[in-house]
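Add 46 to a position in the sequence shown, counting from 1, and you land on the number used in the working numbering.
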Amino acid sequence: MTVKLGVNIDHIATLRQARGGNAPDPFAAAEACLALGARYIVLHIRRDRRHVQESDLERLTKKYRPHIHLEMANTKEMVDMALKYKPGSVCFVPEYPNELTTSGGLKLDDKNIALLRSAAARLKKSDIEVSLFINPTANDVRRAKKAGAAIVELCTKDYSEAKTERQRLKLLEDISMSSILAKEIGLSVHSGHGLTTDNVGAVAAVNGMECLNIGFSIIARAVISGLPQAVLEMKQAINAR
Ligand code: PXP
């Protein structure tokens with residue numbers, strides 16, 4: 047089975063916000079990614095709106111609804127926004143002020159399960175698929191099911207940051223076991239966070255893995271690999287005077 051790719055375009059928006067204009071345009075980036083075979087465009091609208099804006103979601107869902115995968119905190123504001131624009135799927139993630147990036151999977155205690163369950167029910171009624179970003183443990187896979195998820199996104203942050211090969215293999219095993227259990231209980235399995243061309247292969251090979259959501263390493267690479275063209279175009283513009 048081929049593993050699908052979701053490209054997270056948050057950091058195209060980070061660059062745009064640095065100058066407050068329209069470039070680089072996350073919509074153009076999304077179109078390029080889809081044209082190259084990405085199955086999903088992933089975007090995280092944060093409470094502080096540090097990168098992706100509501101207007102990005104509006105433009106993207108108008109044209110590419112089934113491909114749009116919105117990451118968000120479980121707040122009334124965000125659930126209302128999802129119901130307004132109806133992306134194909136939503137992934138609930140934990141969100142804390144001032145964090146550099148999502149810090150790990152959701153905390154799935156009884157109270158949070160109840161809150162997620164009621165938000166998931168509202169989204170499902172609008173034909174929005176619900177994913178939960180969870181740590182790769184058997185308990186959390188079972189709790190995600192209880193919370194009404196159709197998809198679990200297994201967090202690969204610890205795997206990606208493993209300091210030793212032994213640690214990395216142990217964390218890969220956790221992802222593998224969680225994937226098997228998730229499939230057994232009828233959940234789709236996605237994964238992501240911190241994946242690069244160097245560490246993605248083993249996760250893509252996990253039994254049952256359907257989709258990998260990857261952002262930072264793709265955008266960081268694109269900035270460097272796109273430089274020769276950008277410099278060439280500027281030199282040509284200078285010399286065309
Ligand atoms: N999946 C989730 C739930 C995330 O929060 C993030 C980071 O925004 C990613 C995947 C992508 O992580 P990265 O940008 O490190 O590839």
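All C-beta atoms, glycine included, are put in the ideal place defined by N, C-alpha and C.
Just reading off the beta strand (DSSP E) that residue 114 is part of, what are its end residues?
As a first step, residue 114 is located in the sequence shown; it is residue number 68 there, counting from the start. Taken as a continuous stretch (DSSP letters only), the beta strand (DSSP E) holding residue 114 covers 114–118.
Mind checking which residues open and close the beta strand (DSSP E) that includes residue 175?
If you number the sequence shown from 1, residue 175 lands on position 129. Where residue 175 is concerned, the enclosing beta strand (DSSP E) stretches over 175–180.
Is residue 205 helix, strand or coil when you go by DSSP?
On the sequence shown, position 159 is the one that residue 205 refers to. Three-state result, residue 205: helix.
When the Cα atoms are used, what is the spatial distance from residue 160 to residue 193?
Here residue 160 refers to the residue found at position 114 of the sequence shown. Here residue 193 refers to the residue found at position 147 of the sequence shown. So the alpha carbons of these two residues sit roughly 7 Å apart.
Alpha carbon to alpha carbon, how far is residue 197 from residue 70? Give it in angstroms, no decimals.
The residue given as residue 70 occupies position 24 in the sequence shown. The residue given as residue 197 occupies position 151 in the sequence shown. Distance from the CA of residue 70 to the CA of residue 197, rounded to the nearest whole angstrom, comes to 31 Å.
Please indicate yes or no: does the CB of residue 60 lie closer than 7 Å to some heavy atom of the ligand PXP?
In the sequence shown, residue 60 corresponds to position 14, counting from 1. No, Cβ of residue 60 sits at least 7 Å from all heavy atoms of the ligand PXP.
Looking at C-alpha atoms only, which residue of 85, 218, 57, 154 is the closest neighbour of residue 114?
The residue you call residue 114 lines up with position 68 of the sequence shown. When only C-alpha atoms are compared, the closest one is 85.
With a 10 Å radius around its C-beta and 16 neighbouring C-beta atoms as the bar for buried, classify residue 295 as buried or exposed.
Because the chain is modelled from 47 through 287, residue 295 falls outside the range shown and cannot be assessed.
Hey, would you say the C-beta of residue 257 is under 7 Å away from at least one heavy atom of the ligand PXP?
To locate residue 257, count along the sequence shown from 1; it is residue 211. Not so, every heavy atom of the ligand PXP lies at least 7 Å from the Cβ.
Between residue 240 and the ligand PXP, is there a pair consisting of the residue's CB and a ligand heavy atom that are separated by less than 7 Å?
Translated into the one-based positions of the sequence shown, residue 240 becomes position 194. Yes, the Cβ of residue 240 comes within 7 Å of a heavy atom of the ligand PXP.
If you count every other CB in all the chains shown that lies within 10 Å of the CB of residue 67, and 16 or more means buried, which is it?
For this step, residue 67 is matched to residue 21 along the sequence shown. Exposed, since its Cβ has fewer than 16 Cβ neighbours within 10 Å.
On the DSSP bridge assignment, give the partners of residue 54 in chain order.
In the sequence shown, the residue the question calls residue 54 occupies position 8. Paired residues: 88.
With distances taken from CA atoms, which of 209, 221, 55 is nearest residue 80?
What you label residue 80 is simply residue 34 of the sequence shown in a count that begins at 1. Looking at the Cα atoms, 55 is the closest of the given residues.
What residues match up with residue 259 in a beta bridge as DSSP calls it?
Sequence index remark: in the sequence shown, residue 259 carries index 213 (1-based). Looking at the DSSP output, residue 259 shares a beta bridge with 52, 238.
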